[in-house]
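The sequence shown begins at 123 in our numbering and counts up one residue at a time.
Ideal placement from N, C-alpha and C gives every residue a C-beta, glycine not left out.
Scroll down for the structure; my scribbles are underneath it.
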Amino acid sequence: MHTPPSRTAAEITDALRRAGVAEVDDSPLARSLYASDASLYRVEPRAVVFPHDAAEIAAVLTVCREHRVPLTMRGAGTSIAGNAVGPGVVIDTSRHLHRVLEIDPDARTALVEPGVIQAGLQRAAAPHGLRFGPDPSTHNRATLGGMIGNNACGSRALGYGRTSDNVLGLDVLAGTGERLRLGAVPHTTGASPLLDSLRGTTGSELEVIRTELGRFPRQVSGYSLEHLLPERGFDVPRALVGSEGTLALTLAARVRLVRDEPQRILIALGYPTMADAADAVPAILPYAPVACEGLDARIVRVVVDRKGAASVPELPRGEGWLLVELAGESSAALVADAGRLIADSGALDSRTVVDPAHAAALWRIREDGAGLASRTPAGDPAHAGWEDAAVPPEQLGGYLREFEGLLVEHRLTGLPYGHFGDGCVHIRIDFPLGSAGGTRALREFLFQAGELVARHGGSMSGEHGDGRARGELLPLMYSPKAIGLFEQVKSVFDPDDLLNPGVIVRPEPVDHAVRAAGAPPLRRKELPTLGLAHRHDRGDLSMAVHRCTGVGKCRADTTATGGVMCPSYLATREEKDSTRGRARVLQDVVSGRLGPDGWRSPALHDALDLCLSCKGCSSDCPTGVDMAAYKAEALHQKYRRRLRPRSHYALGWLPRWARLVRGLPGLTRLANLVMRSRALHPLLVRAAGVDPRRQLPAFAPETFRSWFARRPAESRTPRHGDVVLFVDTFTDAFSPGTGIAAVAVLEDAGYRVTVTERPVCCGLTWISTGQLDGARRQIRATVRALAPHVRAGALVVGLEPSCTAVLRADAAELLGDADAEDDAGGKAVAEVAAATRTLAELLGGTPDWTPPDLTGTTAVAQPHCHHHAVMGWEADAELLRTAGAEVERLGGCCGLAGNFGVEQGHHDVSVAVAGQQLLPAVRRAAPQDTILADGFSCRTQLDSLTDRSGDHLAQLLARHLR
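And the structure:
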């Protein structure tokens, strides 16, 4: 086992810089960010390197060899087995080494650098009608280097093979420092002492290789030495695939590209149980499916519970299902094959799906369920560790039945699903890692599960690699001779044991360096100043920030399909600016690893500084991380009863200043003059902590409340009773036209519009600046003002999405159950939340109202991030569709995000975020097109960065009322 290096981080960093390595980071922040991947494990590195080319990787290896420092390669850091963490130097290839060097459409190959994202390669290959076959669930952030490292597969490996089946050549550096250009890469290596030694080593153990390795396709554990057999042509590139960076460092790879079949069909098959579904797999494989995935009712129930019944289309009768995909040239032939497959499947019931949208909805059950499996139905954390074991498909049903019994015996639960056509089962299990003896329970289960897999002729890993989670289990499935052969091969490539030590060969114990085991609870009992209730995490801030399992969806660009998370990462491409990076630093804060008062550590400040508090992660992250809430809590802890940044007083107290300005005659005009003055504007923004490039919004000549108080009474009798218009500060003081339009639309729909007697505020600006005590006072007063209306039968309509989201979600976090009690004993905050609607939600649920005709209207819609995350924008989309409008819905964030884009130091990132979706769409829009933006900050960003203005939905509808 490798002994950690004695060199300090500073010594290593200095040596790397002297060797010409440009980007080296040994800060506490970098070490915190790169101490974890998507696995259970936390191993803090000494330094992190971001190489620009192969020469820098070679320089890093030279320094590590000279100083005997371990070296670990890393792509997106989505390893679930702990293959991408190490105690020495970590190389992040994703920042700079992401070029597709060559596409050869005739040969159907691509030459790529190791940091190329799989989805990026797909985009480069698509114009040629080609694609890279393996498609892991992390395809939109996984790098080719990482896929090569762990021999990634994905759900369609039946059709396209594993990564090892699609690698034609590798350009690598062995641990000896020798550069090997193997297979179909430029300047192929000729004579090589290393390759000669490798040939001799494996040639003396051919019987072991032939009898123990390569027995079935998903035998990923250990080294894939079967590719070195003479009858297989001594294929070293394929043998290196899946070696998890323990033998060589990938500099470039030549990969095979394939053409997609033009037609696809999906068959859903229902069975009494998941194990029964697994029993049917051997009868299905002769039909050469591209994919054959298994799931059961447990995962479906979780999706329904957390995403609603509408998220799950009708499935065949049964409690276990197979989703089987066939592909080919002829749809008629596929339908005929599907009929024969169903007849042979032994299924209780079946569905044949030819509509791509319906098929996508069925696949989403599997995809959504996989993300939601990080929490059990009871709300306990569910962990990786035993998440991708595989057995030969004919053994799968029996294995599943015994595995379920093993879970019961250990009093553990999980949601199994997987690539049943390959015999591979995924599951996250609620190991009690936060309890005394939790790691012992983990260890005992892993060894018994390993013995079970071995009895069924299986592999500890079926696609994620062994890493730190399963290396110690390899003797359960391999003979001492095979283990010895792995050690010999390791010594040929890496005699000093510097490349990713503790993985596969001489492995670390499976229960060593488990991250969650060092995380004590952090409830009000342990931290009396806790500002939020953290209701979905049992009041435990530690449990909340440990929601992040590291799968890294926050590093993917999902804006083209309406996603929001994570706008700051997309702008900077730095790990610290991803949701995962921030969560990792927060985990270190609550675990005490960043000092006794980690709330004030520079690492936490740097990690949270560029968080827009957009809440996109709260809906887009598979594990439900809510970084906006965690940032508010962190700022609350850091500044409570201390002097704050100037912007917290200027922008955080904006509703207070707005009321002051409106309350003094003549002050509105004076304030607007000051904000527009060339001489005074710089002084004002500097005093307020505002970026000097920002023009502050002007106060309206008349507030909405003033207009509402003097307007003539509505003469029509309301058909649907009262609604309370929640008059937020932005609508009242800056954009009263939005409120006026909303009144017209609501009265047209048959409602009588009322407002609270006194001005109210949701406390949003206090929340976003972490002034949670002040926010609590604001929302408590607001709930008390709204509750009588709600109890009288009125609904509450919010116009500003972020304020509406506070009423729907954040209010309960601030007040909690006890604080929410009013004098009558009712839970007022829950009642107000249940009665609060967006304008589109209310109108869509109004039985006799027809929207105005918007036929011919073309709109570009920028949903507010909080609208997307908390309420969802589906009601708005449906209303606009029903009205006849043609709408382009944008993903991503506008970039202003309340106070964020206004504050000093944030302007450039704010503009970069706007440039991801909003600004290009506005430039494409015709002059007559409507730019739809319900959020005041979205409209302000448009006013600041474009020559176009945005409209609220209420304004669009009001203009077209009959």
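Cβ-based burial, residue i [other Cβ within 10 Å; buried from 16]
| i | result |
| --- | --- |
| glutamine 900 | buried |
| aspartate 633 | buried |
| aspartate 945 | Note on aspartate 945: pLDDT 41, under 50, position unreliable in the model; the coordinate value appears next. Its Cβ having fewer than 16 others within 10 Å, aspartate 945 is exposed. |
| arginine 902 | buried |
| arginine 930 | buried |
| arginine 838 | exposed |
| glutamine 341 | buried |
| glycine 843 | exposed |
| glycine 967 | exposed |
| histidine 586 | buried |
| valine 143 | buried |
| lysine 647 | exposed |
| aspartate 659 | buried |
| threonine 878 | buried |
Residues near residue i in its chain [Cβ-Cβ closer than 6 Å; skip 5 each side]
| i | result |
| --- | --- |
| glutamate 166 | Arg153, Ala157 |
| arginine 196 | Ala206, Val212, Asp214 |
| valine 363 | Ile270, Asn273, Thr285, Ser286, Val289 |
| alanine 1099 | Since the displayed the chain opens at 123 and closes at 1084, residue 1099 lies outside it and no answer follows. |
| leucine 494 | Val424, Arg428 |
Coarse secondary structure for residue i, derived from DSSP in three states
| i | result |
| --- | --- |
| cysteine 414 | strand |
| threonine 876 | strand |
| valine 289 | strand |
| arginine 930 | helix |
| serine 201 | coil |
| leucine 1079 | helix |
| proline 689 | helix |
| glutamine 385 | strand |
| serine 403 | The question names serine, but residue 403 in the sequence shown is valine. In the structure shown, valine 403 sits in a helix (DSSP, three-state: H, G or I). |
| cysteine 883 | coil |
| aspartate 1056 | coil |
| threonine 853 | helix |
| isoleucine 225 | strand |
| arginine 473 | strand |
| alanine 274 | coil |
| proline 840 | coil |
| serine 924 | helix |
| aspartate 318 | helix |
Close Cβ partners of residue i (< 8 Å) along its chain, the five nearest in sequence each way excluded
| i | result |
| --- | --- |
| threonine 825 | Arg784, Asp854, Ala855, Pro858 |
| arginine 815 | His1029 |
| alanine 264 | Gly197, Ala198, Thr200, Ile239, Gln240, Pro258, Ala274 |
| alanine 756 | Leu708, Val711, Trp721, Leu726, Leu730, Gly892 |
| glutamate 943 | Here glutamate 943 scores only 48 on pLDDT, less than 50, and its place in the model is too uncertain to base an answer on. |
| serine 601 | Val330, Glu334 |
Residues near residue i by beta carbon distance below 7 Å, same chain, minus five either side
| i | result |
| --- | --- |
| lysine 429 | Asp490 |
| alanine 1036 | Cys1016, Gly1017, Gln1063, Leu1067 |
| arginine 1070 | Val1044, Ile1053, Leu1064 |
| valine 89 | Nothing about residue 89 can be reported from this structure: the residues present for the chain run from 123 to 1084 only. |
| leucine 243 | Val222, Ala232, Val234, Phe254, Leu266 |
Cβ of residue i within 8 Å of any chain B Cβ
| i | result |
| --- | --- |
| alanine 983 | No chain B appears in this structure, which consists of one protein chain only. |
I want to know whether the stretch 526 to 540 touches the stretch 418 to 435 - three or more CB-CB distances under 8 Å.
At 8 Å Cβ cutoff, the stretches touch.
Report the start-end ranges of each alpha helix (DSSP H) in the stretch 715 to 797 that is 4 residues or longer and not cut off at the edges.
Listed in chain order, they are 724 to 731, 738 to 742, 749 to 761, 768 to 772, 776 to 785.
Start-end ranges of the alpha helix (DSSP H) lying completely within the stretch 356 to 383, minimum 4 residues
Runs found: 358 to 362.
Does the pairing of the stretch 546 to 563 with the stretch 494 to 512 give three or more beta-carbon distances under 8 Å?
At 8 Å Cβ cutoff, the stretches touch.
Measuring CB atoms only, is the stretch 307 to 327 touching the stretch 610 to 624, in the sense that at least three cross pairs come out at less than 8 Å?
Short answer: they touch.
Report yes or no: do the stretch 675 to 689 and the stretch 1010 to 1018 share at least 3 C-beta pairs separated by less than 8 Å?
Segment contact: the stretch 675 to 689 against the stretch 1010 to 1018, three or more CB-CB distances shorter than 8 Å; contact assigned.
Given 8 Å, three or more beta-carbon pairs between the stretch 635 to 642 and the stretch 663 to 683:
Counting Cβ pairs under 8 Å, three or more are found: they touch.
Okay, do the stretch 807 to 814 and the stretch 765 to 780 touch, 3+ Cβ pairs below 8 Å being the bar?
Touching, yes.
Whole runs of the alpha helix (DSSP H) within the stretch 952 to 1022, excluding any shorter than 4 residues:
The stretch 952 to 1022 contains these whole alpha helix (DSSP H) runs: 961 to 966, 996 to 1005.
Which ranges does the beta strand (DSSP E) cover as unbroken runs of at least 3 residues, wholly within the stretch 132 to 213, from first to last along the chain?
Listed in chain order, they are 169 to 171, 193 to 196.
Extract the residue ranges of the alpha helix (DSSP H) inside the stretch 324 to 357, only unbroken runs of 4 or more that lie entirely within it.
Scanning the stretch 324 to 357 for uninterrupted alpha helix (DSSP H) segments of 4 residues or longer gives 328 to 334, listed from N- to C-terminal end.
Taking one C-beta from the stretch 574 to 585 and one from the stretch 508 to 518 each time, how about it: are there three or more such pairs within less than 8 Å?
Flag = yes, the stretch 574 to 585 and the stretch 508 to 518 touch.
Quick test of the definition: if touching needs 3 or more C-beta pairs under 8 Å, does the stretch 786 to 799 touch the stretch 911 to 929?
No, the stretch 786 to 799 is not in contact with the stretch 911 to 929.
To test your reading of the DSSP string, which unbroken alpha helix (DSSP H) runs of 4 or more residues are found completely within the stretch 501 to 540?
Listed in chain order, the alpha helix (DSSP H) elements of length 4 or more contained wholly in the stretch 501 to 540 are 518 to 531.
Given 8 Å, three or more beta-carbon pairs between the stretch 554 to 569 and the stretch 464 to 479:
Inter-segment contact for the stretch 554 to 569 and the stretch 464 to 479 is absent: fewer than three beta-carbon pairs are separated by less than 8 Å.
Taking contact to mean at least 3 C-beta pairs separated by less than 8 Å, is the stretch 186 to 196 in contact with the stretch 300 to 311?
Between the stretch 186 to 196 and the stretch 300 to 311 there are fewer than three inter-stretch CB-CB distances shorter than 8 Å, so the stretches are not counted as touching.
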